[in-house]
Every structure is written in structure tokens, then in C-alpha cells.
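A.B. asks: These protein sequence lines map, in sequence, to chains A and B.
Once you know that position 61 of the first sequence is 282 in our numbering, the rest is easy, because the numbers rise by one and skip nothing.
Once you know that position 119 of the second sequence is 166 in our numbering, the rest is easy, because the numbers rise by one and skip nothing.
Structure incoming, see below.
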Amino acid sequence: MLGSLIQQTVNALTIGSIYALIALGYTMVYGVLRMINFAHGEMFMLGAYVAFLVLSMLIGTVGGAGAIALTAAFVIAIFLVGVIGVGIERIAYKPLRNSTRLAPMLSSLGVSLSLVTGIQILAGPQPVAFPSFFPAVRYEVMGGTVSSVQIGILIAAFALMFGLHFLVNRSRIGIIVRAVSESRPTAQLLGINVNGAISMVFFVGPLLGAAGGILYASYYGIMTPTMGAVIGLKAFTAAILGGIGSIPGAMLGAFILAFVEVGGTALLPIVTHGVLGTEYRDVLSFAILILVLLIRPAGILGEAVSEESIVYKREF
Amino acid sequence: MSVAETLAAAKPRSGRAISFLFFAIAIALIVATPFLPNYYVRVINSLLIYILLGIGLNIVIGYAGLLDLGFVAFYAVGAYSYALLASPQLDLHWPFLLILLVAACLGAVTGILLGIPVLRLRGDYLAIVTLGFGEIIRIIINNLDWLTGGPKGIARLDKASILGIQVARPIDFFWLLLITVLVVGTLVWRLERSILGKAWAAIREDQDAARGIGINTTNAKLAAFATSATIGSIAGAIFAASQRFVSPESFTLQESVLIVLMIVVGGIGNILGIVAGATILMLLPEVLREFAEWRILFLGLLMIFLIIVRPAGIVPRSFGPDKLIRRLFGK
Numbered sequence: 222m223l224g225s226l227i228q229q230t231v232n233a234l235t236i237g238s239i240y241a242l243i244a245l246g247y248t249m250v251y252g253v254l255r256m257i258n259f260a261h262g263e264m265f266m267l268g269a270y271v272a273f274l275v276l277s278m279l280i281g282t283v284g285g286a287g288a289i290a291l292t293a294a295f296v297i298a299i300f301l302v303g304v305i306g307v308g309i310e311r312i313a314y315k316p317l318r319n320s321t322r323l324a325p326m327l328s329s330l331g332v333s334l335s336l337v338t339g340i341q342i343l344a345g346p347q348p349v350a351f352p353s354f355f356p357a358v359r360y361e362v363m364g365g366t367v368s369s370v371q372i373g374i375l376i377a378a379f380a381l382m383f384g385l386h387f388l389v390n391r392s393r394i395g396i397i398v399r400a401v402s403e404s405r406p407t408a409q410l411l412g413i414n415v416n417g418a419i420s421m422v423f424f425v426g427p428l429l430g431a432a433g434g435i436l437y438a439s440y441y442g443i444m445t446p447t448m449g450a451v452i453g454l455k456a457f458t459a460a461i462l463g464g465i466g467s468i469p470g471a472m473l474g475a476f477i478l479a480f481v482e483v484g485g486t487a488l489l490p491i492v493t494h495g496v497l498g499t500e501y502r503d504v505l506s507f508a509i510l511i512l513v514l515l516i517r518p519a520g521i522l523g524e525a526v527s528e529e530s531i532v533y534k535r536e537f
Numbered sequence: 048m049s050v051a052e053t054l055a056a057a058k059p060r061s062g063r064a065i066s067f068l069f070f071a072i073a074i075a076l077i078v079a080t081p082f083l084p085n086y087y088v089r090v091i092n093s094l095l096i097y098i099l100l101g102i103g104l105n106i107v108i109g110y111a112g113l114l115d116l117g118f119v120a121f122y123a124v125g126a127y128s129y130a131l132l133a134s135p136q137l138d139l140h141w142p143f144l145l146i147l148l149v150a151a152c153l154g155a156v157t158g159i160l161l162g163i164p165v166l167r168l169r170g171d172y173l174a175i176v177t178l179g180f181g182e183i184i185r186i187i188i189n190n191l192d193w194l195t196g197g198p199k200g201i202a203r204l205d206k207a208s209i210l211g212i213q214v215a216r217p218i219d220f221f222w223l224l225l226i227t228v229l230v231v232g233t234l235v236w237r238l239e240r241s242i243l244g245k246a247w248a249a250i251r252e253d254q255d256a257a258r259g260i261g262i263n264t265t266n267a268k269l270a271a272f273a274t275s276a277t278i279g280s281i282a283g284a285i286f287a288a289s290q291r292f293v294s295p296e297s298f299t300l301q302e303s304v305l306i307v308l309m310i311v312v313g314g315i316g317n318i319l320g321i322v323a324g325a326t327i328l329m330l331l332p333e334v335l336r337e338f339a340e341w342r343i344l345f346l347g348l349l350m351i352f353l354i355i356v357r358p359a360g361i362v363p364r365s366f367g368p369d370k371l372i373r374r375l376f377g378k
């Protein structure tokens, strides 16, 4: 019992840290642009594909790569996806900045569609085996099994989140980004480079999302062009749950969602005597999403949202 | 793309000529359809179904200004109503018109059920909740194997017949769909110009002001959800009857997104725009069929392009059916 509890906790932490990496991208973009970036799940997918490509270019094959090659591939890949993210913002969202709030969201749907089909054309629609970025060793901890892959994912994800925390709260860039997300017009009046801040967000968000994608693909050993859709939606739920626009909120929301999912998957069949099986896990996530929005639309750590900030007038 | 621009900018004379041209093409297409091979009739049928869905969703998005990303759930309700009531699945074989009525009522009820909890939400939040609702419905259908057949879906649906006349060939469905689109389109267009439609417009422009001048925004929004869901459900029932097979694959989030795109690309809040948008989004993949997988990529890029260069859509709101009629038959 204790063993399986430990094992499930580690499972939830692993999935939660991946959700958190993606949720951060959603929440940061929403923070500065008040826009739901539907293409963000695709950054997650691109991360895995670009890492695969970089790795095969570095050492000619993807299997049996050494630690240095893997680390290099990881860093180069997330950096490249960050650059792609900035490029996408410039082309597809920036021209719409003074348009209706619906326009960039629809544009991001177009970006998402284009990226998924683009990868399908280039790499084929079938799933591709993904190399593990961590040595596979299993440890027995009080009767539960914990793999080194999970530990590696946790370390990598927490290192990135700590880096983001430092960037946002301690650096000059962070001050600029926070100022823009507080109030774009005021920041502009104070002479802050708003475009630079937005580009920064569209660099860091996809970068973290891509890292999540690589970790996820190496956890399950597989990648598909459509892997971003469901995970993107989950991470988005996490961002809402924690309070969209809030960075600690996104992390908290991601871990809560992961624990509810893992716990729900284990408990649903028992509680309902097999009427609702594990396949209803996603229903559980979306039900949480809807409940949160109805009861506390600002999320757990979000500031109390005034009607003003969530209302949009003359959208269409 | 500049059709509407030309229409708007040109002198009434040439605008009238272009209106006539498009009207003539539409009539010619309708007259020619019975002589086309079955494959093309099916393409036109699916175009008509999408126009019907677009007209339905447009009530919520274009008229009342509420972004609904879970519209496909109502489409699924209609399709599964037909599939369950006219197939060996539950061994029920109800007549088509009765099922259509049941589907319409079920659609309205589902619409109100979704509408009640989300009444307080606006903007982005509404979009997300409706998106979650659509996914929940799809997952439930996907997993309720004993009732819906799960991912395999329900096959061998009954052939539809209306008052003893069998509706089975693609061309039969073409006439059925054409009549439905014309009737529903006219009704919705009249509805937009009714007092309810004006209440929707007021909510869209400024909800607080609308409430201030005494509009019951709750009822008006619920009416929008119910009407839109009813149309979606009717489209679903006809879709199921024409395919004689339903599966959860037809009711994904992508489908909802596609319908929203149709409205946005064509012209939000305008029935003529929906016809234009649906035609482009449905026929383009057919025209580009030789390029197989590239066409979806092209569609995605086209969408970004159109949203940037023509945010009001191909046919703007101001050029509605009444204007077209005036151009065609007015003095």
C-alpha cells in the first residue's frame, strides 16, 4: 500500500512537472497579451521533433547517444523552438495586436493546424520511437518502483522552473515582462520596450513547452504529430486552475491536476464499482476546469478578476 | 477575396451585375447537381451540412457575440439521436420526421443545459468552458460502449423516408438539405431582424447597457444557445441519416474549430458570409485534392492570412441577404 502510494506520488509529480512546463507558456502569454495561444501545445510537439532531428544530425543516429550529445541536443532543440515561437508571434500575432481579441486566438488555431500538418508531411503521421534522455534504472523504494527517468524529468523540470522564477523575479528582463503584463499602455509610457518584452515571452514560453515535450517523449518513448493537442488542453486547464496570468499559479495548478488525474485514475473504478473506468480521466480534468471557471474564474492564485478585465466589448 | 469590397465600393450598377453573377452561379449549381456524379453530389451535401452548422453557430457567435468552441456537441446529439432511434443498436426504428423532431427538442434542451451554467461567463472563459463541454460529450460517447458502440460507432442505420418517400440516394439528401438550409436560413435571418435579434445585437455590443435598457439578457442568451443547438442537432440527424453510420471521430474539437473558421473567414454575423466561408473551406480541399496532405497545411496558412488581411471576413456584416435581394430585384 505504502509502496504504491509512493509510486503514484512520483508518477503524479512527473506528469505534473511536465504539465507545469507547458502551463507556464500559456499563462505568460495570457499575462502579457490577454490571449489564449491555441498553438502552444504544438510547441510541445515541436520540441520532441526538433530534439530528434538535432540528435540525429549531431551523431548520425538517435540510439545510444552519449550524455554530452543528449544534453547538447536538448539545449539546442529548446533554444530553436524558442526562436520559432518568436517568429510565429511576429508573423501571425503581431499584425493583430490592435485587432479584436478574438482575432489572434483564431490565428493561433491556424498556426496550430499548420504546424501539425506540416510535421505530418515532413515526418509522417505515424508515431516515432523516441530515445530516452536518461539512463533507465529502476529503484525499489519501500515496495514502490521509481525509475531514474522520472527522477531525471523532475530534476530537469524543476531546474527550468527555478530558472524561470529567477528570470522573472530577479532579472531586469523579468521586471520588464512583469511591467508589460501589469499594464501594457503604462509600460509603454514609461519607455519600456513592449515589443521586446512580448518577444521575450514568446521565446521563453515555447522554450519551456519544448522542454516539456522532450521530457514527455522520453518518458513514454514515443512521439506523434498530434501529441500536443490533448496535453496542451490539460496544461491549459492547469493554467486556469492555478489562475491564468500567474506563474506560481500555473505550477500549482499543474501539480493539483496531475494528482487529481493519477488519483482519479486509481480511484474512479473502485469508487463507482467499475461503472466509470479509467477512460473517464479526461472527463474528470475537464469537469474540474468547468467547475473552477464557474466557482472561481480567477483560479486558485489568480488575482480577484474584476468584471472589467474579463469582459470584452465589440469583439466582432 | 475582393468580391465584397468591389460590391461595396462599386457603383450600384456593377455591384448589381456581380450580385446577379453569383446568384446565377448558385442557381446553375442547384439545377446542375442532379446530373453530377454521386461523388460530387456528396461533396455538395457536406457543404450544405456545414452551411447549416454555420448558420446555427453564427447565432451564438455572430449575433449574441458569445464564442462557443463546443458546438460540435449539439451536432453529435442530433447524429446519435438518429443513430439510436433508427438502427439495430437498440432495435428501434422510428420514422425520420419524428426523430428529427426529437433531435431538435434534445438539441434545445442540451443547449439550455449548457447555457444555464455559463450565463455568467463572458469572453475567453466562455470559449474554454464550451470547449471543455464539447470534449466531455465526445469522451462520454467514446466510452459509453453499451449505448453508443464506443469508438467503433453505430453502423447499419435505417434508410430514412419522409411520408413514405424513401430518402436514400445522395441526390435525395441534396434536395432535403437544400430545403432545410433555405427554410432554416430564412427563419434565422428573420429572427435576426426580430426583437429577439435586436436584443442579441444589444448584448453583443454592450451587455451592461443592454441590461440597463431593460433587456432580459438571461432569456435572450438562453434563446440564442437553444436555437443554435437545435439547428446543430437537426444538421446532425440529417448527417447521420445520409452517412448511415456515426462514430465519435466526426465530432472532434477540430470540427468545432472548422465551423468557427467558416464563420470568421466568410464574415461573422452574416448568413451570406457563412455560405461563402463554407464554400471556400469545403471546396478548396476538393480542388486541391491532388496535393493530398498539403491542402490542410494550405488551409491553416490561408486562415492566418485571411484573419490578418480581412478581419471582417469575405462578406462583411453590412452586406446581408436583404442587401443582396435589393441589389437583385430592387430598382
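A virtual CB, placed ideally from N, CA and C, is assigned to each residue, including glycine.
The model shown is predicted, which means the values in this text are computed figures rather than measured ones.
By Cβ distance, which residues of its chain are closer than 7 Å to Pro217 of chain B, with the 5 residues on each side in sequence left out?
C.D. replies: Sequence index remark: in the second sequence, residue 217 of chain B carries index 170 (1-based). Excluding residues within five positions, the ones whose Cβ falls inside 7 Å are Asn85, Val88, Arg89, Asn92.
A.B. asks: Measuring CA to CA, which of A:Met363, A:Tyr437, A:Tyr501, A:Ile511 is closest to Thr230 of chain A?
C.D. replies: Position 9 of the first sequence, counted from the first residue, corresponds to residue 230 of chain A. The shortest C-alpha to C-alpha distance from Thr230 of chain A to any of A:Met363, A:Tyr437, A:Tyr501, A:Ile511 is the one to A:Met363.
A.B. asks: Taking C-beta pairs closer than 7 Å, name the residues in chain B that Thr338 of chain A reaches, listed in chain order.
C.D. replies: Mapped onto the first sequence, residue 338 of chain A falls at position 117. Near Thr338 of chain A (Cβ distances below 7 Å), the residues of chain B are Glu340, Ile343, Leu344, Gly347.
A.B. asks: Would the segment 359-372 of chain B count as touching the segment 317-334 of chain B if we require 3 or more Cβ pairs under 8 Å?
C.D. replies: yes
A.B. asks: For chain B, check one thing: does any of its Cβ atoms lie closer than 8 Å to the Cβ of Val504 of chain A?
C.D. replies: Taking the first residue of the first sequence as position 1, residue 504 of chain A is located at position 283. By this cut-off, Val504 of chain A is an interface position.
A.B. asks: Quick check: what's the CA-CA separation for Leu372 of chain B versus Arg237 of chain B?
C.D. replies: Looking up residue 372 of chain B in the second sequence gives position 325. Looking up residue 237 of chain B in the second sequence gives position 190. Per the sequence shown, residue 372 of chain B should be read as Ile rather than Leu. Roughly 14 Å separates the two Cα atoms.
A.B. asks: When you compare the CB of Ala459 of chain A with every CB in chain B, is at least one pair closer than 8 Å?
C.D. replies: Counting from 1 along the first sequence, the entry for residue 459 of chain A is found at position 238. Ala459 of chain A does not count as touching chain B.
A.B. asks: For Tyr251 of chain A versus Ile397 of chain A, is the C-beta distance shorter than 8 Å?
C.D. replies: Reading the first sequence from its first residue, position 30 is the one you call residue 251 of chain A. Reading the first sequence from its first residue, position 176 is the one you call residue 397 of chain A. Contact flag unset, no.
A.B. asks: Can you give me the C-alpha to C-alpha distance between Ile211 of chain A and Leu269 of chain B, rounded to a whole angstrom?
C.D. replies: In the structure as shown, chain A begins at 222 and stops at 537. Residue 211 of chain A is therefore absent and cannot be evaluated.
A.B. asks: So, helix, strand or coil for Val334 of chain B, using DSSP?
C.D. replies: Your numbering for residue 334 of chain B matches position 287 in the second sequence. DSSP places Val334 of chain B in helix when its eight states are reduced to three.
A.B. asks: Whose C-beta lies closer than 6 Å to the C-beta of Phe67 of chain B among residues of the same chain, with five residues either side of it excluded?
C.D. replies: In the second sequence, residue 67 of chain B corresponds to position 20, counting from 1. Counting only Cβ-Cβ distances below 6 Å, and skipping sequence neighbours, we find nothing.
A.B. asks: Is the beta carbon of Ile435 of chain A sitting closer than 8 Å to the one on Ala269 of chain A?
C.D. replies: Here residue 435 of chain A corresponds to residue number 214 of the first sequence, with the count starting at 1. Here residue 269 of chain A corresponds to residue number 48 of the first sequence, with the count starting at 1. Taking 8 Å as the cut-off, the beta carbon of Ile435 of chain A is found closer than this to the beta carbon of Ala269 of chain A.
A.B. asks: Tell me the rounded alpha-carbon separation between Ser329 of chain A and Ala150 of chain B.
C.D. replies: Position 108 of the first sequence, counted from the first residue, corresponds to residue 329 of chain A. Position 103 of the second sequence, counted from the first residue, corresponds to residue 150 of chain B. Cα to Cα, Ser329 of chain A sits roughly 34 Å from Ala150 of chain B.
A.B. asks: Got a sec: is the Cβ-Cβ distance from Tyr441 of chain A to anything in chain B below 8 Å?
C.D. replies: As a position in the first sequence, residue 441 of chain A is number 220, starting the count at 1. No, no contact with chain B.
A.B. asks: Would you identify the three-state DSSP class for Gln213 of chain B, choosing helix, strand or coil?
C.D. replies: Taking the first residue of the second sequence as position 1, residue 213 of chain B is located at position 166. Residue state, collapsed to three classes: strand.
A.B. asks: Just mark Gly377 of chain B as buried or exposed, buried being the case when its beta carbon has 16 or more other beta carbons within 10 Å.
C.D. replies: The count along the second sequence starts at 1 and reaches residue 377 of chain B at position 330. When all chains shown are included, Gly377 of chain B counts as exposed.
A.B. asks: Identify the contact partners of Thr321 of chain A in chain B, using a Cβ-Cβ distance below 8 Å as the criterion.
C.D. replies: As a first step, residue 321 of chain A must be located in the first sequence, where it is residue number 100. What Thr321 of chain A touches in chain B: Pro358.
A.B. asks: With DSSP run on the structure shown, which of helix, strand or coil describes Arg359 of chain A?
C.D. replies: For the purposes of this step, residue 359 of chain A is taken as the residue at position 138 of the first sequence. Correct three-state label for Arg359 of chain A: strand.
A.B. asks: For Met266 of chain A, count neighbouring Cβ atoms within 10 angstroms of its own Cβ and tell me buried if that reaches 16, exposed if not.
C.D. replies: On the first sequence, residue 266 of chain A is found 45 positions in, with the first residue counted as 1. With 16 or more Cβ atoms within 10 Å of its Cβ, Met266 of chain A is classed as buried.
A.B. asks: Just tell me which of B:Ala71, B:Ile226, B:Arg251 has its CA closest to the CA of Ile285 of chain B.
C.D. replies: What you label residue 285 of chain B is simply residue 238 of the second sequence in a count that begins at 1. In this structure, B:Ile226 is the residue among B:Ala71, B:Ile226, B:Arg251 with its C-alpha nearest to the C-alpha of Ile285 of chain B.
A.B. asks: Since Ala133 of chain B sits in a beta bridge, which residues does DSSP pair it with?
C.D. replies: As a working mapping, residue 133 of chain B is identified with position 86 in the second sequence. Ala133 of chain B is bridged by DSSP to B:His140.
A.B. asks: Just to confirm, is the Cβ distance from Arg185 of chain B to Phe298 of chain B under 8 Å?
C.D. replies: In the second sequence, the residue the question calls residue 185 of chain B occupies position 138. In the second sequence, the residue the question calls residue 298 of chain B occupies position 251. Yes; because the gap between Cβ atoms is below 8 Å, this pair is in contact.
A.B. asks: Sort out for me which residues DSSP pairs Ser32 of chain B with in a bridge.
C.D. replies: As shown, chain B starts at 48 and ends at 378. That puts residue 32 of chain B outside it, with no answer to give.
A.B. asks: Please check if any C-beta of chain A sits within less than 8 Å of the C-beta of Gly314 of chain B.
C.D. replies: Position 267 of the second sequence holds residue 314 of chain B. Gly314 of chain B is outside the set of residues whose beta carbon lies under 8 Å from a beta carbon in chain A.
A.B. asks: Among all the DSSP beta bridges, which residues are the ones paired with Met309 of chain B?
C.D. replies: Here residue 309 of chain B is taken as the residue at index 262 of the second sequence, counted from 1. DSSP output for Met309 of chain B lists no bridge partner at all.
A.B. asks: Taking one C-beta from the segment 117-137 of chain B and one from the segment 196-208 of chain B each time, how about it: are there three or more such pairs within less than 8 Å?
C.D. replies: yes
A.B. asks: Taking DSSP as the reference, what is the three-state secondary structure of Met329 of chain B?
C.D. replies: As a first step, residue 329 of chain B must be located in the second sequence, where it is residue number 282. Three-state DSSP puts Met329 of chain B in a helix.
A.B. asks: What residues in its chain sit with their C-beta under 7 Å from that of Leu375 of chain A, if we drop five residues either side in the sequence?
C.D. replies: Along the first sequence, read from residue 1 onward, the residue named residue 375 of chain A stands at position 154. Cβ within range, chain order: Leu234, Thr235, Ser238.
A.B. asks: What are the residues of the segment 411-432 of chain A that lie near chain B, defined by any Cβ-Cβ distance shorter than 7 Å?
C.D. replies: none
A.B. asks: Buried or exposed: Arg251 of chain B, going by 16 or more other Cβ atoms within 10 Å of its Cβ?
C.D. replies: On the second sequence, residue 251 of chain B is found 204 positions in, with the first residue counted as 1. Its Cβ being crowded by 16 or more others within 10 Å, Arg251 of chain B is buried.
A.B. asks: Just to confirm my understanding: we take Ala313 of chain A, look at its own chain, exclude 5 residues before and 5 after, and list those with CB closer than 6 Å. What are they?
C.D. replies: By 1-based counting over the first sequence, the position of residue 313 of chain A is 92. Excluding positions up to five away in sequence, the list reads Ser328, Val332.
A.B. asks: Is Ala313 of chain A close to chain B? Criterion is C-beta to C-beta, closer than 8 Å.
C.D. replies: Along the first sequence, one-based indexing puts residue 313 of chain A at 92. For Ala313 of chain A, the answer is yes, since a Cβ of chain B falls inside 8 Å of its Cβ.
A.B. asks: Would you mind sorting Ser241 of chain B into buried or exposed? The rule is 16 or more other CB atoms within 10 Å of its CB.
C.D. replies: Looking up residue 241 of chain B in the second sequence gives position 194. An exposed status is given to Ser241 of chain B, since fewer than 16 other beta-carbon atoms sit within 10 Å of its beta-carbon.
A.B. asks: Please list, in chain order, the chain B residues whose beta carbon lies closer than 9 Å to that of Tyr501 of chain A.
C.D. replies: Here residue 501 of chain A is taken as the residue at index 280 of the first sequence, counted from 1. Residues of chain B passing the Cβ test: Ile186, Ile187, Asn190.
A.B. asks: Mind the definition here: the segment 354-363 of chain A touches the segment 389-405 of chain A only if three or more C-beta pairs lie below 8 Å; say whether that holds.
C.D. replies: Touching, no.
A.B. asks: Heavy atom of the ligand GTP less than 7 Å from the Cβ of Gly316 of chain B, yes or no?
C.D. replies: Of ligands this structure carries none, so the ligand GTP is not represented either.
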